[in-house]
Amino acid sequence: MPLNPNIFRAYDIRGIAETDLQQKEAELIGKAAGVYFIEHHGSNIVVGQDCRISSPQITEAFIKGLTSVGCNVTDLELCTSPMMYFAVCHKNFDGGVAITASHNPKEYNGIKLVGAHAHSICDQELQTILKIAKKNEFPVHNGAYQKYDIFNDYLNKIKEIIKPGKKLKIGIDAGNGIAGPFAPKIFQELGFEVHPLYCEPDGNFPNHEANPEYAENLLDLSKLVKEKKLDLGIGFDGDGDRVGIIDENGNYIDADKLIILLSSDTLKNYPNSPIVVDIKCSNTVLKEIKKLGGTPVISRTGHSYIETKMKEVAAPLAGEVSGHIFLGGKYYGFDDGIYAAAKILEIISNSDKKISEHFTSLPITYTTPEIKAACDDNLKFQLMEKIKTFFENKYKCNNLDGVRIDFDENNWGLIRCSNTTPCFTMRFEAESPEKLAEIQKTVYNHLRSYPEISTDWYKY
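Every position in the sequence shown, counted from 1, becomes a number in my numbering once 4 is added.
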């Protein structure tokens, strides 16, 4: 049975459910993943799924594949991806699987794999699983199967760590993703007044894209915060591993600022520590971490790369522009939207400042959200090398992940290949709106010289 090799991406396995991940493909990948788990990690595997329409069928087939080669499966059923990671760490499973496509459109689905301690299985490890699947020769064993509800363990761990101060009034927008059934209960248990919005799981995502990276996806939450005079609003993505925040005035707080807020708190408890940020982060983040006594460490963009770098340098905190926040210290160090939100609530509820007032002293710069330009998966990496060469011959560049172009000290642009979709992604920061437009024009003009790259710039 041929598998589409393009669904085996850098961080996970992800494709169109009806064509790339039907039950027969899911079972085959489950068998291959099971063989890999047993050989490299162990046989006790935990599995969870999001609320996408295709998730139950894919999960059933994947578990069938796992057990057929001898894995013992604990089925968490509906849960966020971080709840699955938590189960791996808290219950000492050998590995874990989340059936999810995060914030991708509803026709997509995917498979996230982790080993012991929720360490990401990615890149060449996924290619090894693909090779095992292609070989299609599997042992026949009968692994055990059981169900387990991890929610109370997860709730109790958060309550053990988070110590709220004053009672805040908060809005929660889950975007009809899988955080909806869990986040309101957790924040109520922490003593906050919760106003839920779009917290009913619905795989059609009828209200807006479950992606808190973009302010326009949280417009209804912003309206709720202003109408109800709430202290802040919290938005989650489809599988609950990312977070976005709306302040008390209904304004969107980008992830750069959240990383600074969390860095300030973290460095009080872990002074002089490294803080890992992705290459898309603002220069302001790097400067503020240094001011706070920390050492900023730049990583490639992506869950698995950030996690690996965080462990490599023993950082208690890491963050991405997309809203992935990784908190170590008393927690397990994986990205968890609900736990990150709880930590932010702890900071604000123990402060005499409103959340917006924590950022008033930051310098004003002008940044774009992530901007995308469509390009075929089979072409984008070779084109990236040409783009790198062009800009490296003209400017100071960082080529850790694509090419980050320093036009001068305060103005930069980034072009990189997306590891989840067939496109290039870009981000820009400048000292003025005029300079921002200028550096974008410089990059766009060069990209237009490649007919393979779409010139219909878009944010999703």
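Backbone N, C-alpha and C fix where the C-beta goes; we use that ideal spot for every residue, glycine too.
With DSSP as the reference, label Y370 as helix, strand or coil. Residue mapping note: residue 370 aligns to position 366 of the sequence shown, counting from 1. Residue state, collapsed to three classes: strand.
Restricting to Cα atoms, I'd like to know which of A434, S422 and T429 is closest to F411. On the sequence shown, position 407 is the one that residue 411 refers to. Selected option, being the one with the closest Cα: A434.
Is it buried or exposed, I57, if we count other Cβ atoms within 10 angstroms and call 16 or more buried? On the sequence shown, position 53 is the one that residue 57 refers to. That one is exposed.
Leaving out the 5 sequence neighbours to the left and right, which residues in its chain are closer than 6 Å to Y336 when beta-carbon positions are compared? Here residue 336 refers to the residue found at position 332 of the sequence shown. Excluding residues within five positions, the ones whose Cβ falls inside 6 Å are C93.
Mapping DSSP to helix, strand and coil, what is T429? Sequence index remark: in the sequence shown, residue 429 carries index 425 (1-based). Shown here, T429 sits in a strand according to DSSP, grouped into three states.
C-alpha distance - D54 paired with L440, whole-angstrom precision: Within the sequence shown, numbered from 1, the residue matching residue 54 stands at position 50. Within the sequence shown, numbered from 1, the residue matching residue 440 stands at position 436. When rounded, the distance between both Cα atoms is 38 Å.
Any 3 or more C-beta pairs closer than 8 Å across the region 129-145 and the region 164-181: No, because fewer than three Cβ pairs between the region 129-145 and the region 164-181 fall closer than 8 Å, the two stretches do not touch.
Just to confirm the assignment, what range does the alpha helix (DSSP H) spanning I190 have? Taking the first residue of the sequence shown as position 1, residue 190 is located at position 186. Where I190 is concerned, the enclosing alpha helix (DSSP H) starts and stops at A187 to E193.
Let me check one thing: in DSSP terms, what residues is T104 bridge-paired to? Working through the sequence shown from its first residue, we reach residue 104 at position 100. DSSP output for T104 lists no bridge partner at all.
Just to confirm the assignment, what range does the beta strand (DSSP E) spanning T393 have? As a working mapping, residue 393 is identified with position 389 in the sequence shown. Element bounds for T393: not the beta strand (DSSP E) but the alpha helix (DSSP H), D381 to E396.
A137 to G46 span [Cα, whole Å]: By 1-based counting over the sequence shown, the position of residue 137 is 133. By 1-based counting over the sequence shown, the position of residue 46 is 42. Roughly 18 Å separates the two Cα atoms.
For Y256, is the classification buried or exposed, using 16 other Cβ atoms within 10 angstroms of its Cβ as the cut-off for buried? For this step, residue 256 is matched to residue 252 along the sequence shown. Y256 is classed as buried because its beta carbon has at least 16 other beta carbons within 10 Å across all chains shown.
Near K334, which residues of its chain fall below 7 Å by C-beta distance, leaving aside the five closest residues on each side in sequence? As a position in the sequence shown, residue 334 is number 330, starting the count at 1. I165.
On the three-state DSSP scale, how would you describe Q26? As a first step, residue 26 is located in the sequence shown; it is residue number 22 there, counting from the start. Under the three-state reduction of DSSP, Q26 is assigned to coil, being neither helix nor strand.
Considering only the alpha carbon of each residue, which of C421, K313 and N415 lies closest to G392? Numbered from its first residue, the sequence shown carries residue 392 at position 388. The displayed chain sequence assigns Lys, not Gly, to residue 392. With distances taken between CA atoms, K392 lies nearest to C421 out of C421, K313 and N415.
Can you list the alpha helix (DSSP H) stretches of 4 or more residues lying completely in the region 218-300, in chain order? Listed in chain order, they are 223-232, 259-273 and 287-295.
F428: buried (16+ other C-beta within 10 angstroms of its C-beta) or exposed? As a working note, residue 428 is residue 424 in the sequence shown. Flag for F428 reads buried.
Simplified DSSP state of Y149, which is helix, strand or coil: As a working mapping, residue 149 is identified with position 145 in the sequence shown. In this structure, Y149 counts as strand in the three-state DSSP scheme.
E22 to I115, Cα distance in whole Å? Here residue 22 refers to the residue found at position 18 of the sequence shown. Here residue 115 refers to the residue found at position 111 of the sequence shown. E22 and I115 have their C-alpha atoms spaced approximately 15 Å apart.
How should D251 be labelled, buried or exposed, when 16 other C-beta atoms within 10 angstroms of its C-beta is the threshold for buried? Here residue 251 is taken as the residue at index 247 of the sequence shown, counted from 1. Classification of D251: buried, given that the 10 Å Cβ count is 16 or more.
Check whether the Cβ atoms of L236 and L172 sit closer than 9 Å, and answer yes or no. Numbered from 1 along the sequence shown, position 232 holds the residue referred to as residue 236. Numbered from 1 along the sequence shown, position 168 holds the residue referred to as residue 172. Cβ atoms of L236 and L172: closer than 9 Å.
Just grab the DSSP bridge partners of F330 for me. Numbered from 1 along the sequence shown, position 326 holds the residue referred to as residue 330. A322 and D339, per the DSSP bridge assignment.
What did DSSP end up calling V39 once you bin it into helix, strand or coil? Locating residue 39 in the sequence shown gives position 35, where the first residue counts as 1. For V39, the secondary structure class from DSSP, reduced to helix, strand or coil, is helix.
Just the Cα atoms here: how many angstroms apart are G242 and N354? Counting from 1 along the sequence shown, the entry for residue 242 is found at position 238. Counting from 1 along the sequence shown, the entry for residue 354 is found at position 350. Whole-angstrom Cα-Cα distance: 29 Å.
Determine the direct distance from the alpha carbon of I368 to that of V407, and round the result to whole angstroms. For the purposes of this step, residue 407 is taken as residue 403 along the sequence shown, with counting starting at 1. For the purposes of this step, residue 368 is taken as residue 364 along the sequence shown, with counting starting at 1. So the alpha carbons of these two residues sit roughly 24 Å apart.
Closer than 6 Å by C-beta to A36: which residues in its own chain qualify, once you throw out the five before and the five after it? Chain order, please. Within the sequence shown, the letter at position 32 stands for residue 36. For A36, where only same-chain residues beyond five positions count, the Cβ hits under 6 Å are I133, I136 and A137.
Have a look at D206 and H212 and give me their C-alpha separation to the nearest angstrom. Locating residue 206 in the sequence shown gives position 202, where the first residue counts as 1. Locating residue 212 in the sequence shown gives position 208, where the first residue counts as 1. Each residue's Cα considered, the two are about 11 Å apart.
Mind checking whether D381 and P455 have CB atoms under 9 Å apart? As a position in the sequence shown, residue 381 is number 377, starting the count at 1. As a position in the sequence shown, residue 455 is number 451, starting the count at 1. No, the pair does not count as a contact, with Cβ atoms beyond the cut-off.
Which of helix, strand or coil does DSSP assign to A214? Here the question's residue 214 lines up with position 210 in the sequence shown. Correct three-state label for A214: coil.
Since P216 contacts R246 with CB under 8 Å, what's their CB separation in whole angstroms? Residue 216 sits at position 212 when you count from the first residue of the sequence shown. Residue 246 sits at position 242 when you count from the first residue of the sequence shown. About 6 Å separates the two Cβ atoms, so the contact holds.
State the DSSP-derived secondary structure class of L134, mapped to helix, strand or coil. The sequence position of residue 134 within the sequence shown is 130, counting from 1. L134 falls in the helix class under three-state DSSP.
If you count every other CB in all the chains shown that lies within 10 Å of the CB of G297, and 16 or more means buried, which is it? Indexing the sequence shown from 1 puts residue 297 at position 293. Of the other Cβ atoms in all chains shown, fewer than 16 fall within 10 Å of the Cβ of G297; this residue is therefore exposed.
I need the DSSP call for I419, collapsed to helix, strand or coil. Taking the sequence shown and counting its residues from 1, one reaches residue 419 at position 415. Note: I419 maps to strand in three-state DSSP.
Determine contact between the region 301-318 and the region 59-68, defined as no fewer than three beta-carbon pairs at a distance below 8 Å. No, the region 301-318 does not touch the region 59-68.
Do A105 and V50 have their C-beta atoms within less than 9 Å of each other? Position 101 of the sequence shown, counting from 1, holds the residue named residue 105. Position 46 of the sequence shown, counting from 1, holds the residue named residue 50. The answer is no: Cβ separation not under 9 Å.
Let me check understanding here. Comparing Cα to Cα, which of A345, E220 and S267 lies closest to F196? Stepping through the sequence shown from its first residue, residue 196 is reached at position 192. Answer by Cα proximity: A345.
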